[in-house]
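Student: Take the working numbering: the final residue in the sequence shown is number 298, and no numbers are missing along the way.
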Amino acid sequence: MIHVQHLTKTYEDLQRGRFVAVDGISFSVQKGEIFGLLGPNGAGKTTVLRILSTVLEPTEGIATVAGYDVVRDSSEVRRHIGFVSNNTAIYDRMTAWEMVEYFGRLHGMKAARLKGRLDDLFDQLRMNDFRDVPGGKMSTGMKQKVSIARAMIHDPPVLVFDEATLGLDVLVARNLLGVIRSLREAGKCLIFSTHIMSEVERLCDRIAIMYCGKILDSGTLEELRDRHREDDFEELFFGLLSQHEQEMRVGGRINPASAANQAVGEQLV
Ligand SMILES: Nc1ncnc2c1ncn2[C@@H]1O[C@H](COP(=O)(O)OP(=O)(O)O)[C@@H](O)[C@H]1O
Ligand SMILES: [Mg+2]
C-alpha cells in the first residue's frame, strides 16, 4: 500500500544552509497494518508524512501510495490517503456535520454517496450526539473526531496520523488509539507518528526508529528486542540514538567519505 525508497528531503535554510531533513529512508506498509514512526522532535517524521500526502515533494527517491507515485500521480494519491494531525483547524461556526460534509464536497463526492458516508462515519466514530454542535463549542475529543472524520470522508485505504495524540487528555488519547485499532480491523493501512514510546509499543505492528532524518532500525517490537538484546524498549530506543551520535562523531572526524560529502554540500550552497 505504501512504498518508500531512498527518500530524501533537503531544505534550504538561512542558518543551516542545505539541510537534510530526511536522509535516504526506505520502508513499506501493508493493508491491515499499523506502522509506527517513532522519533524525537526534528527527526523528520512530519516531513515524510507530508511527502506521502503530496504536500511536499521529495528531493530524491520514490514514494508510492496505493500504487500511485506521490509526484507524478499526486491527485490519485490524494484520493487514496487521509491525513490527521494535532493542529487541524476547526471552524467555530460550522457544526460537526457541516465540516465533514464540506470536506466531502471538496473531494468531489456526489450528494447521495456523501450522505451515506456521513451517516456511516458518524455511527462508526460515535459522533451522532454532537453532530449539530458548532466547532466553537466542541471539546478537544470532539474536535479530534471531526479531524478524523474529515480525513476519512472519501474512504481512503491509507490513513496517516501525525502526532495525533499531542495535547489530548489521556482519555481522549486512549480513545483515539482504539479508533486506530478498529481501522486496522477494517483493513486500512495506517502510519502513526509519535515521540511517545509507550504508544508505539501498545499500538504498532511494526516500528521504525527515526533520528536525524534516518531510520536507525525497524521491525516488530519482538524483532527489535531480540536484535538489540534489550527488553526495555526505552533503553533500546535511547541506546540506538546515542550509538548513532557516537558513529556520527567518529565519522565526522576520520571518515573520508563523509568529509567529501560535506565538501559537495558546501559547493551546492
Ligand atoms: N520548511 C522548512 N524549512 C527548513 N527546515 C525545515 C522545514 N520544515 C522542517 N524543517 C526541519 O527539518 C527537520 C525535520 O523536521 P520534521 O519533519 O518536522 O520533524 P519531526 O516531525 O520528526 O519533528 C527539523 O530539523 C526541522 O527544523
Ligand atoms: Mg512532526
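We treat Cβ as the ideally placed atom computed from N, Cα and C, and that holds for glycine.
Mind checking whether the beta-carbon of T75 lies closer than 6 Å to any heavy atom of ligand 2?
Tutor: Along the sequence shown, read from residue 1 onward, the residue named residue 75 stands at position 46. Yes; taking the cut-off as 6 Å, the Cβ of T75 has a heavy atom of ligand 2 nearer than that.
Student: So for G53, helix, strand or coil by DSSP?
Tutor: Taking the sequence shown and counting its residues from 1, the one referred to as residue 53 is at position 24. In the structure shown, G53 sits in a strand (DSSP, three-state: E or B).
Student: Find the nearest neighbour of E62 within the set L253, L232 and E274, judged by alpha-carbon distance.
Tutor: Walking along the sequence shown from the start, residue 62 turns up at place 33. Across the set L253, L232 and E274, the C-alpha of L232 shows the shortest separation from the C-alpha of E62.
Student: Spatial neighbours of F64 within its chain, please: CB distance less than 6 Å, with the 5 preceding and 5 following residues excluded, ordered by chain position.
Tutor: Stepping through the sequence shown from its first residue, residue 64 is reached at position 35. Only V58, I220 and R235 meet the Cβ criterion.
Student: With DSSP as the reference, label S222 as helix, strand or coil.
Tutor: Residue numbering aside, residue 222 sits at position 193 when the sequence shown is read from its first letter. Three-state DSSP puts S222 in a strand.
Student: For the beta strand (DSSP E) holding N84, just list the boundary residues, first then last.
Tutor: Walking along the sequence shown from the start, residue 84 turns up at place 55. The residue you asked about is not Asn; residue 84 is Val in the sequence shown. Run containing V84: none; DSSP gives neither H nor E here.
Student: Using the Cα positions of V279 and R203, report the straight-line distance between them to the nearest angstrom.
Tutor: Mapped onto the sequence shown, residue 279 falls at position 250. Mapped onto the sequence shown, residue 203 falls at position 174. Looking at the two C-alpha atoms, the distance is approximately 42 Å.
Student: Among the candidates V49, T169, A178 and H136, whose CA atom is the shortest distance from the CA of Q153?
Tutor: Position 124 of the sequence shown, counting from 1, holds the residue named residue 153. Measuring from the Cα of Q153, the nearest candidate turns out to be A178.
Student: Consider the C-beta atom of N70 and the heavy atoms of ligand 1; say whether any pair is separated by less than 6 Å.
Tutor: Taking the sequence shown and counting its residues from 1, one reaches residue 70 at position 41. Result yes, Cβ under 6 Å from ligand 1.
Student: In terms of alpha-carbon separation, which member of F266, P186, E252 and L85 lies closest to S227?
Tutor: For this step, residue 227 is matched to residue 198 along the sequence shown. Taking only the C-alpha atoms, the option nearest S227 is F266.
Student: Going along the chain, which unbroken runs of the beta strand (DSSP E) with 3 or more residues stay wholly within the stretch 108-168?
Tutor: 110-113
Student: I think D161 touches W126, with their Cβ atoms under 8 Å apart; what is that distance to the nearest whole Å?
Tutor: Stepping through the sequence shown from its first residue, residue 161 is reached at position 132. Stepping through the sequence shown from its first residue, residue 126 is reached at position 97. Indeed they touch by this definition, with Cβ atoms about 7 Å apart.
Student: Does the beta-carbon of I225 have 16 or more other beta-carbons within 10 angstroms, so that it is buried, or is it exposed?
Tutor: If you number the sequence shown from 1, residue 225 lands on position 196. Answer is exposed; the Cβ neighbour count stays below 16.
Student: Under the three-state reduction of DSSP, which class applies to G68: helix, strand or coil?
Tutor: Within the sequence shown, the letter at position 39 stands for residue 68. The answer is coil: DSSP assigns G68 none of H, G, I, E or B.
Student: Report yes if the C-beta distance between G90 and H35 is below 7 Å; otherwise report no.
Tutor: As a working note, residue 90 is residue 61 in the sequence shown. As a working note, residue 35 is residue 6 in the sequence shown. Cβ distance < 7 Å, so G90 and H35 count as in contact.
Student: With D198 and S222 assumed to form a contact (beta carbons below 8 Å), what rounded beta-carbon distance in angstroms separates them?
Tutor: Translated into positions along the sequence shown, residue 198 becomes position 169. Translated into positions along the sequence shown, residue 222 becomes position 193. So it is not a contact: roughly 20 Å between Cβ atoms.
Student: Measuring from the CB of A50, is there a heavy atom of ligand 1 at a distance below 6 Å?
Tutor: By 1-based counting over the sequence shown, the position of residue 50 is 21. At least one heavy atom of ligand 1 is nearer than 6 Å to the Cβ of A50, so yes.
Student: Any beta carbon from chain C within less than 7 Å of M239's own beta carbon?
Tutor: Among the chains in the structure shown there is no chain C, since it carries only a single protein chain.
Student: On the CB-based measure, 16 or more other CB atoms within 10 Å of its CB, does R79 come out buried or exposed?
Tutor: Position 50 of the sequence shown, counted from the start, is the residue given in the question as residue 79. Classification of R79: buried, given that the 10 Å Cβ count is 16 or more.
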